[in-house]
Each structure stands twice: as C-alpha cells, then as structure tokens.
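Numbering (my numbering), first residue to last: 288 to 829.
For every residue, glycine included, the Cβ atom is placed at its ideal position computed from N, Cα and C.
Quick notes on the structure that follows.
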C-alpha cells in the first residue's frame, strides 16, 4: 500500500491549492509552508476503510470450528462495525477480500459455508457495497482568487469555497449535478460553466441566491385510458394484456397518479438553479471559454474527436464553427492569454493541433510522439492529459510557451508558439515521477516563473508535489532550481491505496481511446508498450 498522490493543483496569487484524495491543502507560494486543509465528508470513511483493510491483512486467517459458527459470525460483525465506526450510517460493510464463512483464505473451501440450519452463512455481507473513495477531480478559481471551485467525482458534487486571500477556505455551497462533471470553467459573469460525461454543458451561479429556489414543476403524466380497445385487439393474449393494463390504470387512478414516475422525476430534478446551455452526442472531455471582438464563446471537446465553438449564453445553441482534424479523442485544450485567437488541442493523437478557433481553421500541427520516445523509447501511443500556457517576458515582448503532459510519461513537454501559429523549439523537462497535473506560477520582478507539478511517485522516494524555477536556454524552457513545500508532516495522515487502485482512480485519459481491431488485447496505458495499431484503421492526418 502507498499514499494516494496529489492529483489536482491550482495556483492563484500567493497561494497554491493542492488536492489529494478527499482533501484540499493550501500552501504559501512565498515560503512553501502549509496553511490549511479542507476535508471531504467522505474522506473519513475512506480512512476508516483503509485502516480496517490494513488490520485484516496483518492478521493471519483464523481457524474455524463447526461448534463456533454462530459465535464467529457475531465476532465478524463486531469487527466490521468497529473498523467502520467513524464512517457514518450505511458504511458498515464487509471489506473485499476479508474472510467470510472461512472460505476466502483457505485452499480447501468448498463453495459457501452453511450454518447448522443449512442456510448460507454471511451471504449478504460478502456482497456489500464498499463506499467509493473521495477524489477531487477538478479545481479552479475566479480570477481575483476570492472563490475556489472544486468537483468531487465520486458523488458528482460541485463545491464552492470563499478564500480569504491568505489560504483559508470557507465552504459556501455544495450542489450535486445530474451527471458526473468532466470539466469546469469560471465565467466573468459569476457563473460556473460545467461540462459532464453525458455530453451536456450547464451554467449555475457561483454563489447561490439567498432566496429559496423552486424547481420547475414536473410534467404530469397522462394516465388516461389506453389507446387500444377490444375493437383493435383480437388475439387472446393481447386481450388479456389489455385487461391487465386497464386494471393497472385503475389502480393508478385510485392512488392519485403515477407515484413511481413522480418520485423518479422529483429525485432527478436539481433543487438549485441550473441552466442547460448546449449538448454533444458524445462524452465531453474539455471546456474552455474564449472571447473575440467583444463576444464570448464556449469551446467544447468530446471523445468523438470533435471541437465545437458555440456562442455564450443566452445564444449557446448557435454553433459558430467546428475544429475538425483529430483522429482520436480530444482531452485537453488551451487558449494562451496573449494569443486569444489561437487554440491548442491534444488527446489520443500523436500530434498537438493549433487552430484559428473562431474560423475552425487548422494552422499547424506538431508531433509529440518522437519527443516522448526520447523519454520512453518503446512507447507507441500517447495520451495528452493536460495543456498549459506560460508567458515569458523578453526585450522584444512576451514569448508564449505551450506545456503538455502525457499520461504515464515522466516529463513536461514544452514548445514556443510563433506568430504564425506554429510550435517551435521543442523541449522536455524530465521528472522523477509521472505528472498528474500542472500549474504555472507567473514570474515577478525578482523571481522567474515557476512550474508546480503534481506527480505520482509510486513506490519511489520522489515527492508528489514538485516545484521548479524556470529559465530559458536557447529559446527552450529549462529548470533553474527546485523549491520544496512543507508537506512532510501531512504525509502520515494521507490515505493509503494499492498501486492498482491508484491507477484506476487517477489514470483515466487512456481509457478514452476507442478499442479497434479483433485482437482482443486491452490497452495497457499511455505507454502503449503492448498496444499495437490496427492495420485497418485510418492513420491519415489533416
């Protein structure tokens, strides 16, 4: 078991916000000291579950005797309740892999053990649902840093915090979305723009109104007589079905309506202000907000290689352009602050694509795979997990750099964006561990820009939170020196997990790739070591 690493980071002002499992830590960017910690309510349950699993793993399997069947079952229940005592109601579940009925550990277990009365023993507990781990999947802030917005993926909740400017967070609201959010962005009109995995984009107010919100009434289902009758139905079976339908309609009328339908509709209707803006027919993976000539736009990307440019609300139904050219899923997009007319996108393709997004025109493309092979020679595919932009001051004006990380590759790839929309001067900053997220800290008069990396050290001694002062060498970004955060004291309190579970929780980009071909082999991660290209698939570039 190893510690779950930092997976989301965001720098704003003099404070770094770093998410790790179900916690959000704040650090000072001036001296690296820890300031405060917010804990997800489910984080305590996950900690208790992990402690129980550790205790079970450290104890040898007990030998069972028939005469103690009932006593053993009671003792097992006491152990489970004790291991989850702090998890709250409904979390008193048996842990997977735990001995139930004496059959999981041994080599001679013959099916389900039974009680003396012949009934299966502990049948329900072995199938009990284990609570999902609390993991912060999105983290951002308003431009002034006054509000922090986070998303916890396991429960689909958007959390809003008020930030005092010095690293202390105060929770303001939590709102459960209809579907799991996959990307969020902050609009200038104090709206949260949220894309979900169902393909929809919503807007919701940053700070909910103090007035009570009344959701729109659910449509009343028509429970009148069936359109069919004895004049249109003739077979014996259909006549019997018609009679049964008439009885059901009569019972529904006596109950005062379709309670089942009403209940489901009420449960699925959010109890807060939520406006649907637009939708895709595929899973949304990335979202950025853009502006041109005084008009705002929403740029969305999905798993089906599409990038769509839509107007901002209230005309989000108007599509301005499509940026079509990717042959694999699109997972990351960025618009440089100094080059608002340019969009850089990446995902499952070997290349990064640079667009005139408003016209939907491809300006250029740059291959990442050859640079990645300098780090991992056997790699055959890449999965771009994040794109960022950095502005470097120079005598001739600010120079824009594009930074990219790929899932499972221990490096940050960098390019310089030219005036013609091309990426030049490629470089790679090698890391001691695989990066999960990046955040750029702008430079000041007395300090160069910094790069903060959330990495997965696995079982290596590398740190999960890494910071580098940058420099420019031959037009390429390079590391000048390192900077440490004071998170060592926090390490002991973090949640443990197996490497396989960490990969399932945090390495999700490569899973967006559609499997083709009949070989039946599964994709084994972004390294692509055991993934072979389908010989019949299209490989042409735009």
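According to the DSSP assignment, residue 420 belongs to no alpha helix (DSSP H), since it is labelled neither H nor E.
Residue 657 carries a helical assignment under DSSP once its states are collapsed to helix, strand and coil. According to DSSP, residue 689 shares a beta bridge with 676 and 702. For the pair residue 621 and residue 628, the Cα-to-Cα distance works out to about 11 Å.
Taking 8 Å as the cut-off, the beta carbon of residue 491 is found no closer than this to the beta carbon of residue 448.
If you draw a straight line from the Cα of residue 321 to the Cα of residue 787, it comes to about 29 Å. In this structure, residue 454 and residue 323 form a Cβ contact; the two beta carbons are roughly 6 Å apart against a cut-off of 8 Å. Annotation for residue 611: no beta strand (DSSP E) segment contains it, and DSSP assigns it neither H nor E. For residue 786, the uninterrupted alpha helix (DSSP H) run begins and ends at 786 to 793, by DSSP. Look at residue 750 here: in three-state DSSP terms it is coil, with no helix or strand label. Residue 731 is positioned such that its CB atom lies no closer than 8 Å to that of residue 739. Straight through space, the alpha carbons of residue 424 and residue 431 are spaced by roughly 22 Å. The continuous beta strand (DSSP E) containing residue 586 extends over residues 582 to 589. In the three-state reduction of the DSSP assignment, residue 297 falls in the strand class, which pools E and B.
Separation of residue 466 and residue 642 (C-alpha to C-alpha, rounded to the nearest whole angstrom) is 30 Å.
DSSP places residue 602 in no beta strand (DSSP E); its state is neither H nor E. The three-state secondary structure of residue 780, taken from DSSP, is helix. If you draw a 10 Å sphere on the C-beta of residue 475, you find fewer than 16 other C-beta atoms in it, and that means exposed.
It is roughly 19 Å from the alpha-carbon of residue 704 to the alpha-carbon of residue 728. Between residue 305 and residue 296, the gap from beta carbon to beta carbon is short of 8 Å.
Selection 473, 681, 435 and 481 evaluated against residue 460 yields 435 as nearest (Cα-Cα). Annotation: the continuous beta strand (DSSP E) that includes residue 618 extends over 617 to 621.
Residue 478 sits in a strand when the DSSP states are folded into three classes. Between residue 608 and residue 647 the beta-carbon gap is near 3 Å, inside 8 Å, which marks them as a contact.
When beta bridges are read from the DSSP output, residue 769 appears opposite 755.
Within its own chain, the residues whose Cβ lies closer than 7 Å to the Cβ of residue 658, once the five positions on either side in sequence are excluded, are 700, 713 and 715, listed in chain order. Counting the other CB atoms within 10 Å of its CB gives residue 577 a total of 16 or more, which places it among the buried residues. The Cβ neighbour count for residue 590, taken over all protein chains shown within 10 Å, is at least 16; the residue is labelled buried. According to DSSP, residue pairing for residue 443 in a beta bridge does not occur.
In the assembly as shown, residue 458 is an exposed residue. Its beta-carbon has fewer than 16 other beta-carbons within 10 Å. The shortest C-alpha to C-alpha distance from residue 611 to any of 625, 496 and 650 is the one to 650. Residue 537 sits in a helix when the DSSP states are folded into three classes. DSSP lists 456 as the beta-bridge partner residues of residue 450.
For residue 315, the enclosing beta strand (DSSP E) begins and ends at 310 to 315. Of 764, 445, 429 and 724, the smallest CA-CA separation from residue 557 is found for 445. Within a 10 Å sphere around the beta-carbon of residue 464 sit 16 or more other beta-carbons, which makes this residue buried.
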